[in-house]
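Q: Handing you this structure, nothing more for now.
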Amino acid sequence: MKKFIVGPVVLASLLLAACENRGTAYAKGMLEPVNPREIKAGSQGEKYHVFLFNKDEFEILKNFKLEFGPFIGDNGKALFKEKMAEFNLLR
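Mature numbering (1 follows the signal peptide of the UniProt record, and there is no 0) puts the sequence shown at residues -27 to -1, 1 to 64.
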């Protein structure tokens, strides 16, 4: 089993999209908490994202596909072969 040593993941490098074949809405970083700024290797952490939708547009959407990534280390280099983490959410 290979063991990968990865430095801290900078949370500011995360991009998050919510879509349903109707375009993309990006997280509003100015409305989100800024701390913690990174998660140390082997640690757990939380990151909150804020999305703003028009009421009529939000009522149309039933499912959301959230995409995190690509992940960037504190040295500015891409991590995890630039793969994205994807989540399907139902409303």
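All residues carry an ideal CB built from backbone N, CA and C; glycine is no exception. Since this is a predicted model, take the numbers as computed values, not measurements.
So is Leu62 buried or exposed if we call it buried at 16+ other beta carbons inside 10 Å?
A: Label assigned to Leu62: exposed.
Q: What residue range is occupied by the uninterrupted beta strand (DSSP E) comprising Phe60?
A: 58 to 63
Q: Could you name the residues of the same chain whose beta carbon sits closer than 6 Å to that of Phe60, not counting the 5 residues immediately before and after it, in chain order?
A: Leu39
Q: Determine the direct distance from the alpha carbon of His22 to that of Gly2, and round the result to whole angstroms.
A: 7 Å
Q: Quick one: Cα of Lys20 to Cα of Phe37, how far?
A: 18 Å
Q: Along the alpha helix (DSSP H) that carries Glu40, what are the first and last residues, could you check?
A: Following the DSSP letters along the chain, one finds Glu40 in no alpha helix (DSSP H) but inside the beta strand (DSSP E) bounded by residues 36 to 41.
Q: Identify which residue in Leu34, Asp47, Asn27, Phe41 has its Cα closest to the Cα of Arg10.
A: Asp47
Q: For Met57, which residues of its own chain have a beta-carbon under 7 Å away from its beta-carbon, when the five flanking residues on both sides are left out?
A: Glu40, Phe41, Gly42, Pro43
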